[in-house]
Amino acid sequence: MNDLAVSPAIAGSLFPSDFVRTSADYILGRQRADGSIPWFDGGHADPWDHVEAAMGLSIAGEYAAAESAYRWLADIQLEDGSWWAAYRDGEVHNGERRESNFVAYIAVGIWYHYLITGDDAFLQRYWPTVERAVAFVLALQTEHGDIHWAVDERGAAREDALVTGCSSIYKSLECAINIAHTLGRAQPQWRRAREALGRALREKPQRFDRTWESKARFSMDWFYPVLTGVFSGAAARARLQKRWDEFVVTGLGCRCVNDEPWITVAESCELTMALLAAGERHRAEKLYCGLHRWRDADGGYWTGYVYRDSAIWPEEKTTWTAGAMLLAADALVQLTPASGIFTAVQLLPEPTDFQEALL
Numbered sequence: 001m002n003d004l005a006v007s008p009a010i011a012g013s014l015f016p017s018d019f020v021r022t023s024a025d026y027i028l029g030r031q032r033a034d035g036s037i038p039w040f041d042g043g044h045a046d047p048w049d050h051v052e053a054a055m056g057l058s059i060a061g062e063y064a065a066a067e068s069a070y071r072w073l074a075d076i077q078l079e080d081g082s083w084w085a086a087y088r089d090g091e092v093h094n095g096e097r098r099e100s101n102f103v104a105y106i107a108v109g110i111w112y113h114y115l116i117t118g119d120d121a122f123l124q125r126y127w128p129t130v131e132r133a134v135a136f137v138l139a140l141q142t143e144h145g146d147i148h149w150a151v152d153e154r155g156a157a158r159e160d161a162l163v164t165g166c167s168s169i170y171k172s173l174e175c176a177i178n179i180a181h182t183l184g185r186a187q188p189q190w191r192r193a194r195e196a197l198g199r200a201l202r203e204k205p206q207r208f209d210r211t212w213e214s215k216a217r218f219s220m221d222w223f224y225p226v227l228t229g230v231f232s233g234a235a236a237r238a239r240l241q242k243r244w245d246e247f248v249v250t251g252l253g254c255r256c257v258n259d260e261p262w263i264t265v266a267e268s269c270e271l272t273m274a275l276l277a278a279g280e281r282h283r284a285e286k287l288y289c290g291l292h293r294w295r296d297a298d299g300g301y302w303t304g305y306v307y308r309d310s311a312i313w314p315e316e317k318t319t320w321t322a323g324a325m326l327l328a329a330d331a332l333v334q335l336t337p338a339s340g341i342f343t344a345v346q347l348l349p350e351p352t353d354f355q356e357a358l359l
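Going letter by letter, the sequence shown gives residues 1 to 359 in full-length UniProt numbering.
The structure is reproduced here in structure tokens:
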């Protein structure tokens with residue numbers, strides 16, 4: 001992908017004409033020699049946000065850099081299939097826990113890159129990494145379908161579940177199943193686990209936030225079940241409409257939490273994709289267009305803005321924010337063959353389903 005492939009009309013209405021190139025260059029400028037992508041220069045990298053930034057590189061056609069990012073994860077994967085919460089300068093930066101949704105997210109990145117490149121060898125190469133990551137995550141699933149959010153430094157489960165984290169895992173399992181299907185490695189237990197997780201998210205709210213204060217004040221708890229396909233159609237639209245005024249500040253973006261005057265760019269991008277998934281394209285375009293005011297001269301995007309104080313905060317331009325901007329652009333104008341990954345459930349059928357369809 002390069003900016004010249006985007007029509008001037010689309011570029012002018014949704015993003016600056018140099019947007020893809022400069023955003024990718026910003027991420028590339030932060031990527032370390034080992035392939036890791038920290039939040040910013042001198043910062044740490046975590047497995048989830050690292051993948052978010054790597055997907056941005058795939059969108060821009062920076063395939064070698066994106067593959068270097070996935071190689072870094074594969075090289076440091078622990079024996080049980082997991083990763084620590086954060087790394088910095090080649091060392092573990094946070095060894096207190098390993099988070100299930102962080103671990104699962106590599107499946108989304110690998111599938112996204114494959115849809116863009118069609119590189120079968122790449123998919124085969126990272127199959128063992130994805131398989132081990134999913135095994136770690138599903139070992140934390142309870143009989144009720146929810147998935148514990150983390151394990152501690154000793155490997156003991158931290159027994160509670162997060163709506164946002166489990167929603168992210170729901171999408172990760174969709175992508176992992178598609179990877180398995182494409183490689184001819186049917187994983188019916190993954191499908192059953194995904195179905196149980198979806199039921200928990202839709203029907204068992206009591207399984208979430210059992211041991212801490214509710215996370216419902218966070219916008220991601222509101223829109224992530226739509227973004228990841230837990231809810232679709234009319235149910236998705238109703239969910240978004242119900243709390244729209246709590247989280248969306250007209251002309252600025254989406255709040256991170258409903259009780260603070262702080263909009264965040266990445267959450268606004270993800271809400272853009274959730275709106276597209278729910279069939280609310282006009283709202284999605286309107287929300288996304290306003291986000292480019294937060295772009296700096298180097299192509300990076302500021303993480304957030306406190307509108308009460310008219311102040312950028314924190315004074316950080318995170319790589320995953322640039323990645324989220326690219327992902328939303330892809331979803332809006334189909335820059336790549338992977339553009340629909342967050343706007344529709346695209347679960348490939350079991351091989352037996354193909355056989356039955358031929359009868």
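Glycine residues also receive a C-beta, built at the ideal position from the N, C-alpha and C atoms.
Quick caveat: nothing in here was measured; it's all calculated off a predicted structure.
Subject >> Local conformation of V249 per DSSP, three classes >> reply: Translated into the one-based positions of the sequence shown, residue 249 becomes position 249. Correct three-state label for V249: strand.
Original post:
Taking the alpha-carbon positions, what's the K171 to V230 distance?
Top reply: Taking the sequence shown and counting its residues from 1, the one referred to as residue 171 is at position 171. Taking the sequence shown and counting its residues from 1, the one referred to as residue 230 is at position 230. Distance between the alpha carbons of K171 and V230 is about 8 Å.
**OP:** Indicate, with yes or no, if the ligand PLP has a heavy atom lying under 7 Å from the CB of S268.
**Re:** Ligands in the displayed structure: none, and consequently the ligand PLP is not present.
Subject >> Three-way DSSP call (helix, strand, coil) for G29 in this model >> reply: In the sequence shown, residue 29 corresponds to position 29, counting from 1. Three-state DSSP puts G29 in a helix.
Subject >> The beta strand (DSSP E) enclosing H93, as first and last residue numbers >> reply: Indexing the sequence shown from 1 puts residue 93 at position 93. Note, H93: beta strand (DSSP E), E91 to N94.
**OP:** Ignoring anything shorter than 4 residues or poking outside the segment 163-193, list the alpha helix (DSSP H) runs there in chain order.
**Re:** 163-182
Subject >> Which of helix, strand or coil DSSP assigns to L14 >> reply: On the sequence shown, residue 14 is found 14 positions in, with the first residue counted as 1. Correct three-state label for L14: helix.
Original post:
Considering only residues of the same chain and omitting the five flanking positions on each side of G35, which have a CB-CB separation below 7 Å?
Top reply: Walking along the sequence shown from the start, residue 35 turns up at place 35. For G35, where only same-chain residues beyond five positions count, the Cβ hits under 7 Å are S68, A69, R71 and W72.
Original post:
For chain B, is any of its Cβ atoms less than 8 Å away from the one on G109?
Top reply: Of the chains in the structure shown, none is chain B; there is only one protein chain.
Subject >> Strand pairing of T264, partner residues [DSSP] >> reply: Sequence index remark: in the sequence shown, residue 264 carries index 264 (1-based). Beta-bridge pairing links T264 to G304.
Original post:
Per DSSP, C269 forms a beta bridge with which residues?
Top reply: Counting from one through the sequence shown, the residue named residue 269 turns up at place 269. DSSP, once it has assigned bridges, lists no residue as partnering C269.
Original post:
Based on the DSSP secondary-structure assignment, which residues constitute the bridge partners of C254?
Top reply: Here residue 254 is taken as the residue at index 254 of the sequence shown, counted from 1. According to DSSP, which records beta bridges pairwise, C254 is partnered with V248.
Original post:
Under the three-state reduction of DSSP, which class applies to V345: helix, strand or coil?
Top reply: By 1-based counting over the sequence shown, the position of residue 345 is 345. In the structure shown, V345 sits in coil (DSSP, three-state: anything other than H, G, I, E or B).
Original post:
For D160, which residues from the same chain have a beta carbon less than 8 Å from its beta carbon, with the 5 sequence-adjacent residues on both sides left out?
Top reply: Against the sequence shown, residue 160 aligns to sequence position 160. So the list reads H148, W149, F208, D209, R210, T211 and W212, once near-sequence residues are dropped.
Subject >> Boundaries (first-last residue) of the alpha helix (DSSP H) holding Y126 >> reply: The sequence position of residue 126 within the sequence shown is 126, counting from 1. D120 to L138 is the span of the alpha helix (DSSP H), which, as asked, contains Y126.
**OP:** Just list the beta strand (DSSP E) runs in the segment 60-120, keeping only unbroken ones of 3 residues or longer that don't cross its boundaries, in chain order.
**Re:** 86-88, 91-94 and 97-99
Original post:
For E270, which residues from the same chain have a beta carbon less than 6 Å from its beta carbon, with the 5 sequence-adjacent residues on both sides left out?
Top reply: As a first step, residue 270 must be located in the sequence shown, where it is residue number 270. Cβ neighbours of E270 beyond the five flanking positions: L227.
Subject >> Assigned exposure category for S82 - 16 Cβ within 10 Å defines buried >> reply: Translated into the one-based positions of the sequence shown, residue 82 becomes position 82. Buried, by the Cβ-count rule.
Subject >> Span of the alpha helix (DSSP H), counted from its first residue to its last, around W226 >> reply: Here the question's residue 226 lines up with position 226 in the sequence shown. Checking the sequence, you will find Val at residue 226 rather than Trp. V226 -> alpha helix (DSSP H) spans S219 to L227.
**OP:** Kindly indicate the opening and closing residues of the beta strand (DSSP E) around V151.
**Re:** As a working mapping, residue 151 is identified with position 151 in the sequence shown. Element bounds for V151: A150 to D152.
Original post:
If we ignore side chains and look at the alpha-carbon of each, how far apart do R199 and D80 end up?
Top reply: For the purposes of this step, residue 199 is identified with residue 199 of the sequence shown, where counting begins at 1. For the purposes of this step, residue 80 is identified with residue 80 of the sequence shown, where counting begins at 1. The alpha-carbon atoms of R199 and D80 are separated by roughly 27 Å.
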